[in-house]
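Residue numbers (this note's numbering): 96 to 523. I have placed the structure first, in the form of structure tokens, so that the comments after it can refer back to it.
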């Protein structure tokens with residue numbers, strides 16, 4: 096997304112971005128670029144809700160924070176891993192995953208090295224489009240959520256670390272370039288034309304008890320014959336990046352997912368599910384999604400068959416703005432390690448504001464509407480779950496007699512284990 100660019104090109108882009116005058120703007124003019132983002136309240140689930148509008152403003156501040164890393168920490172000339180999605184930047188991570196990004200130049204040569212650790216899954220995706228970074232991905236996701244044919248827009252190469260030759264302690268090293276260098280016999284991934292970044296997903300099943308991966312990235316081809324060490328950023332380059340961060344990325348990221356969510360609602364995918372590709376980022380993963388809606392004294396019973404074989408599965412709740420619902424201090428998600436299956440081999444969970452006393456409670460954290468997202472990863476089948484809306488007082492009547500229950504003390508222990516395990520994971 097931020098390839099190698101000459102200073103003349105930077106200055107030219109900065110002069111035209113946003114229709115503003117050439118050269119460094121006043122701070123007030125930069126802040127003016129953010130003003131239109133407030134209009135996104137019109138496409139939320141409740142445009143007149145003061146609470147939801149306040150939460151939208153918080154989300155925009157979050158986007159601004161995450162965008163700083165994207166536009167100022169790293170670029171393709173001097174790559175570095177930057178935090179992308181986690182328990183702080185929540186639009187919208189898998190709670191089991193922590194995500195990092197690095198910008199790439201598709202004509203460059205890069206080396207990634209590190210140690211695998213014991214996390215459940217460590218994968219890499221090469222992509223031409225970052226969430227919030229381009230209109231192309233937003234348009235593709237909008238079509239997909241509206242039920243129209245859409246080409247996957249954010250996957251130019253998916254790789255699992257298991258593809259690589261690992262050392263005795265899990266060490267790995269892989270080269271990325273347009274073509275394999277002559278005589279090079281080590282691990283290599285091709286950089287297709289148009290690739291602008293690489294995303295790492297570190298996926299944990301047993302929170303806090305898996306050893307995190309460690310990884311570094313470096314550019315190994317010369318940027319230019321007389322390339323300096325990482326230089327001081329010029330005023331023109333700062334200007335360009337500020338315009339893109341404040342005038343494009345911050346609002347685009349929210350607009351993309353609010354539009355996606357609204358399209359799902361408009362098609363009536365409420366308290367039922369559909370399969371989706373979510374942009375095609377993980378070809379080995381099938382997503383199922385649907386909006387949930389319930390009353391304060393109601394519950395939703397989620398029920399599904401299970402694939403006979405799968406490497407990973409989970410289910411999570413999103414809030415009314417598509418953020419992942421608080422998942423360190425609340426049990427708003429469950430994965431295949433955390434959940435309990437019933438004696439008949441099926442998975443059942445209860446979504447409700449009040450604690451129903453079942454092990455598989457999905458806590459919506461006060462939201463009466465939002466999104467449910469589930470994942471089947473490397474599975475031999477893809478069952479479609481169901482949601483059943485029932486009075487909260489009658490939840491037990493809709494569950495098998497052998498449903499795993501918890502006492503208040505057991506729930507407290509379950510949540511303590513969750514918040515400690517969540518914080519012990521590398522999230523930054």
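Even for Gly, the Cβ is constructed at its ideal location relative to N, Cα and C. Being a predicted model, the structure only gives us computed values, none of them experimental.
Handout entry: For residue 420 and residue 355, believed in contact at Cβ under 8 Å, the rounded distance
Key = Not confirmed; about 17 Å, so no contact.
Exercise for the section: Starting from residue 122, trace the alpha helix (DSSP H) both ways and give me its first and last residue. Expected result: 122-127
Practice task
Note down the Cα distance separating residue 369 from residue 122, rounded to an integer number of angstroms.
Solution key: 46 Å
Exercise for the section: Please classify residue 330: does DSSP put it in a helix, a strand, or coil? Expected result: helix
Handout entry: Coarse secondary structure for residue 509, derived from DSSP in three states
Key = helix
Exercise for the section: Give a yes or no on whether the C-beta atoms belonging to residue 418 and residue 186 are separated by under 7 Å. Expected result: Against a cut-off of 7 Å, the Cβ pair of residue 186 and residue 418 comes out as a contact.
Exercise for the section: Just confirm the distance between the C-beta atoms of residue 465 and residue 480, as a whole number of angstroms; I'd bet it's less than 8 Å. Expected result: Not a contact, Cβ separation roughly 16 Å.
Practice task
Return the chain-ordered list of same chain residues with a C-beta closer than 6 Å to the C-beta of residue 227, the five sequence neighbours on each side being excluded.
Solution key: 344, 347 and 348
Practice task
Compare the Cα-Cα distances from residue 514 to each of 284, 323, 302 and 320 and report the closest residue.
Solution key: 302
Exercise for the section: State the start and end residues of the unbroken alpha helix (DSSP H) segment that holds residue 160. Expected result: 145-163
Practice task
Could you tell me if the beta carbon of residue 512 falls within a distance shorter than 6 Å of some heavy atom in the ligand COA?
Solution key: Among the components of this structure there are no ligands whatsoever, and the ligand COA is therefore not found.
Problem - Expected contact under 8 Å - CB spacing of residue 381 and residue 474 to nearest Å - result: 7 Å
Practice task
Tell me whether the beta-carbon of residue 394 lies closer than 7 Å to the beta-carbon of residue 447.
Solution key: yes
Exercise for the section: Pair every Cβ in the stretch 217-231 with every Cβ in the stretch 320-333, then say whether three or more of these pairs are closer than 8 Å. Expected result: Segments in contact, no.
Exercise for the section: Excluding the 5 residues preceding and the 5 following residue 161 in the sequence, name in chain order all residues of the same chain whose CB lies nearer than 6 Å to its CB. Expected result: 184
Problem - Reference residue 483; option with closest CA among 435, 285 and 445 - result: 445
Problem - Between the CA atoms of residue 164 and residue 117 - distance to the nearest angstrom - result: 25 Å
Exercise for the section: Report the residue from 358, 277 and 214 whose alpha carbon sits nearest the alpha carbon of residue 238. Expected result: 358
Practice task
Have a look at 284, 386 and 378 and flag the residue whose alpha-carbon is nearest the alpha-carbon of residue 363.
Solution key: 386
Exercise for the section: Kindly indicate which residue of 142, 330 and 128 has the alpha-carbon position closest to the one of residue 416. Expected result: 142
Exercise for the section: Could you say if the stretch 214-223 and the stretch 249-262 meet the contact criterion of at least three C-beta pairs nearer than 8 Å? Expected result: yes
Handout entry: 7 Å Cβ cutoff met for residue 309 and residue 191
Key = No, Cβ-Cβ distance for residue 309 and residue 191 is not below 7 Å.
Practice task
Just the C-alpha distance for residue 107 and residue 204, rounded to the nearest angstrom, thanks.
Solution key: Confidence at residue 107 is low in this model, with a pLDDT of 39, below 50, so the placement of that residue should be treated as unreliable; the coordinate-derived value is given next. Straight-line Cα distance between these residues: approximately 27 Å.
Problem - Whole runs of the alpha helix (DSSP H) within the stretch 191-275, excluding any shorter than 4 residues - result: 230-240
Handout entry: Burial state of residue 274, where buried means 16 or more other Cβ atoms lie within 10 Å
Key = exposed
Practice task
Determine the extent of the beta strand (DSSP E) in which residue 344 is found, giving its start and end residues.
Solution key: Neither: residue 344 is in no beta strand (DSSP E) and is coded neither H nor E.
Practice task
Measure the Cβ-Cβ separation of residue 493 and residue 396 and say whether it is below 7 Å.
Solution key: yes
Problem - Nearest-angstrom beta carbon gap, residue 384 and residue 467 [assumed within contact, 8 Å] - result: Distance from residue 467 to residue 384 at the Cβ level is roughly 7 Å; contact confirmed, criterion being Cβ atoms closer than 8 Å.
Problem - Residue from 314, 450 and 296 whose Cα sits closest to the Cα of residue 175 - result: 314
Exercise for the section: Return the Cβ separation of residue 300 and residue 215 in integer angstroms, given the expectation that the two are a contact with Cβ distance under 8 Å. Expected result: 4 Å
Practice task
Examine the Cβ distances between the stretch 404-413 and the stretch 256-265 and report whether three or more of them are shorter than 8 Å.
Solution key: As far as the Cβ criterion goes, the stretch 404-413 does not touch the stretch 256-265, which means the pair count is below three.
Handout entry: Of the residues 212, 471, 200 and 157, the one placed nearest residue 293, counting alpha carbons only
Key = 200
Problem - Buried/exposed call for residue 518, threshold 16 Cβ in 10 Å - result: exposed
Problem - Beta carbon of residue 195 nearer than 7 Å to that of residue 295 - result: yes
Practice task
Apply the 10 Å Cβ neighbour rule to residue 102 and answer buried if 16 or more other Cβ atoms are within range, or exposed otherwise.
Solution key: Its pLDDT being 32, under 50, residue 102 is placed unreliably in this model, and the coordinates cannot settle the point.
Exercise for the section: Under 7 Å Cβ to Cβ from residue 150, same chain only, skipping five residues before and after it: list those, please. Expected result: 416
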